Structures are given as C-alpha cells and as structure tokens.
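A short write-up of the structure that comes next.
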Amino acid sequence: MSVLTVDELVQHFPIAGSKSVVRAVNGVSFSLDKGETLALVGESGSGKTTIGRCVLGLIEPTDGRIEYNGMALGGSRTIRSPELRGKLQLVFQEPAESLNPRMRVFEQIDEPLRALKVARADREKKVRQAARRVGLAEALLERYPAEISMGLQQRVGVARAMISDPEIVVLDEPTSALDPTARAEIIDLLIRIQREQGTAYLFISHDLSAVRHISHRIAVLYLGKIVEQGPSAKLFAQPSHPYSVALLSSVLLPNPRIRAGGRIRLAGEIPSPINLPPACYLAGRCPMVIDPCREKMPPVETVGEHHSVRCYRHAEVAALDKDFDSFGRFQAEADRILGAGIPASGTV
Ligand SMILES: Nc1ncnc2c1ncn2[C@@H]1O[C@H](COP(=O)(O)OP(=O)(O)OP(=O)(O)O)[C@@H](O)[C@H]1O
Ligand SMILES: [Mg+2]
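For the sequence shown, position 185 (counting from the first letter as 1) is numbered 211 according to this note's numbering, and the numbering increases by one without interruption.
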C-alpha cells in the first residue's frame, strides 16, 4: 500500500507587484510505497524542492491532493503537527542547514525524541543506538557540528531524521555538498537504514549515479511536470521521453564534453515558468519535435508496468537506444540542439 499519494499537485508562487505567478509545479501525480525510493530528477528550477516542501506540509499547495496513509495532508497536518511529528522527516543538502551550531551532536540527534516527549532514559539509549547505526563514534556525541567533517555532519543529519522511525523521509540533495567518498558512504547508509526500517524515501538529486544506486523508481521533471516516470532500471535502459534521454544518457554514454562536478544548466530556449505554453514544454528544444508538440500538451501514456510518459513520439524514442548507433546519433543531435550542457560526469 502507498504511504504517500500525490495527486495533481499544483504550486504557483505569487510575484510581488504583479498579477502573474511562477508556475513551479503544474499537476504532478505520483505515489510512494513503504520501503521504496522514488527519485525526483530534473534541471535546476524544475520544482523538485517545491514538491518536497509540499509533501512535508511546509508550504500549502495551490491545488491538488497529498495523502499520507490515506489521510489528507495540508492545513494543520504538517511535519510539525503533533499527529505527524516524527513520521515525516527531511534531510537537507547542507548539513549545516539542519544542524544547530550551538548544540552538541548528542542533543541534535536527541531533539526529535524530546519533541515526541520520549522519557529521558529511553532517549539516551536510542541516541547512542542511532549514532552507532550511522557509524558515529561515541566520543563524537560530545562535539559540536563545526568540530566534525561534513561527511560526519551529514551522518548526524541522517541519525536525527531516522531516530523517530519515520515512514517517509524527503532527502533534498543529501550528498551534493560531500566529497565522493562521503557521498558513497551516505548513500550506502541510507540504503541499509531503509532495509532495516522500511522507510520510504523521496530522493531529490542531481547526482545521477546516486539516483541509479538508490532509487527503485524515477520521476523526471521538466518545468514542474513529470515527463516520464517508471522503474529506475527501465528509465536508464530505455528512456521514452527525449528529455529523459538527454538527462539520463549522460551516465549511459561517454560524452567528450565532460565537465566534472558542479551544476550544469542545459542551454537552449527554456520557457519561463511564468509563461508556459499550452503545449509540450520541451517543444522549443526537442530534436524530435513535430507539429502536435507545439499545439497541445501530450497526454500521459502508459508504456509499461508502472511506466508512463508524456510524448507523442515515445515509441520512436524508446526504440532509439536498442541500437547504439542511432542512440548515439540522437545524443549528438540532442547535444547540438540542447546545447553543450549535457554532462557526462553524472551530475545534471
Ligand atoms: N518561494 C518561492 N517564491 C517564488 N518562486 C519560487 C519559490 N520557491 C521556488 N520558486 C520557483 O519555483 C521554481 C521551482 O523551484 P525549486 O526550488 O522547486 O526547483 P528545484 O528543482 O528544487 O531546483 P534546484 O535543482 O536548483 O534545487 C523555480 O522557478 C523557482 O524560482
Ligand atoms: Mg532544489
């Protein structure tokens, strides 16, 4: 059964002094099962963080429905409400954002338990257990965040998020501030904890190798719409939307234009989220564009088990990667049209 169901979520932000709005999320639907990881991928500004914030109830959606175990979220039901406290958690990109510089590691991990009014003696035991579980030595519990490495700080962040035994954790770029070794360690840690606790993750990341490693399913976002959604292995092996190909092929194919690290924006005409066309949002950048793409938003079509896509030409796109040559040609064409920004280093 789904622990989380998001149905036609819309989030528009008002612009001060204007009647226009920023259309950050434009009708997003997905569900998340117990113990499952769904990755949200897409370029900067595609709405990933906004979706995460809506799920946690940190912002009130403009429209749509979010259900946690069949119960509507929103209004007073948020990450902070007593009813849900501890059941929904989050881990941020920068450990420093979630940790209080003036609190020792012990108190940081303990804080969610204090909020839940767990008895002091139990808390002490649980904090030590949680620290062990994430590989933090006892001695570190007395330190302040600034006295330990970023990798260890993020372990504190994970211990703190997991100590209340949450059902859903939103991980918003949890590894992007870390070096490659610490990154891999955190991903492995998250996978292990998920297996032990059955936690469901909404995993937001630009790091496609991490996405590939940790996620069961992937939703590809473009300008606040899911263009393709499906099992992780299937999406990497046979993406059916041109945007997914452009995005995910960066880890499939060697690309001479490697730009290691950092964030890279795809070049080309990205429509403004203030003024989106009533057509396919990718039409202006797509190497496979045909007239209908410019006229009407393609409907969601099911193309396999738990696999859906919004593209009139999905069958042709899916067929491309069976033949390495044509896939390579597509890549070259996509590169040419989308600009030189498709990275091969595994970050988007
Ligand atoms: N509070 C806000 N007010 C106005 N616009 C916002 C607000 N928060 C986000 N936006 C806009 O909504 C869109 C989606 O932003 P969001 O932060 O969700 O993207 P993202 O996919 O998380 O990007 P990144 O990969 O850079 O973190 C962007 O156009 C952004 O400028
Ligand atoms: Mg973000």
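C-beta: ideal position from N, C-alpha, C; glycine also.
Predicted, not measured: the structure shown is a model, and the values here were computed from it.
_Helix, strand or coil, according to DSSP, for residue 317 in the structure here?_
helix
*heavy atom of ligand 1 below 7 Å from residue 299 C-beta*: yes
*Among 110, 71, 38 and 339, the one whose alpha carbon lies nearest that of residue 232*: 71
*Chain-order list of residues whose beta-carbon lies under 8 Å from that of residue 121 (same chain, five-residue window excluded)*: 171, 176, 179, 180, 182, 183 and 203
*Give me the Cα-Cα distance between residue 315 and residue 255, rounded to the nearest whole angstrom.*
20 Å
*Can you tell me whether DSSP reads residue 293 as helix, strand or coil?*
Reliability of the predicted coordinates at residue 293 is poor, the pLDDT of 45 falling under 50, and the value obtained from them is presented with this limitation in mind. Looking at residue 293 - three-state DSSP - the assignment turns out to be coil, as it is neither helix nor strand.
*Determine, using beta carbons only, whether residue 107 and residue 58 come nearer to each other than 8 Å.*
no
*Counting only the same chain and skipping the five closest in sequence on each side, list residues whose C-beta sits under 8 Å from that of residue 207.*
177
*Pick out every residue whose C-beta is nearer than 7 Å to a heavy atom of ligand 2: which are they, in chain order?*
74, 75, 198, 199 and 230
*asked:* Am I right that residue 53 and residue 36 are in contact with their C-beta atoms under 8 Å? What's the rounded C-beta distance?
replied: 6 Å
_Below 7 Å, is the gap between the Cβ of residue 118 and the nearest heavy atom of ligand 1?_
no
*Note down the Cα distance separating residue 48 from residue 310, rounded to an integer number of angstroms.*
20 Å
*Inter-residue CB distance, residue 250 and residue 73 (contact presumed, cutoff 8 Å)*: 4 Å
*When every heavy atom of ligand 1 is checked, does at least one fall within less than 7 Å of the C-beta of residue 44?*
no
_Cross-strand partners of residue 244 (DSSP beta bridge)_ = 65 and 256
*Boundaries of the alpha helix (DSSP H) in which residue 214 is found, first to last residue*: 206-223
*With a threshold of 7 Å, establish whether the CB of residue 48 neighbours any heavy atom of ligand 1.*
yes
*Within the present structure, is the beta-carbon of residue 39 separated from the nearest heavy atom of ligand 1 by less than 7 Å?*
yes
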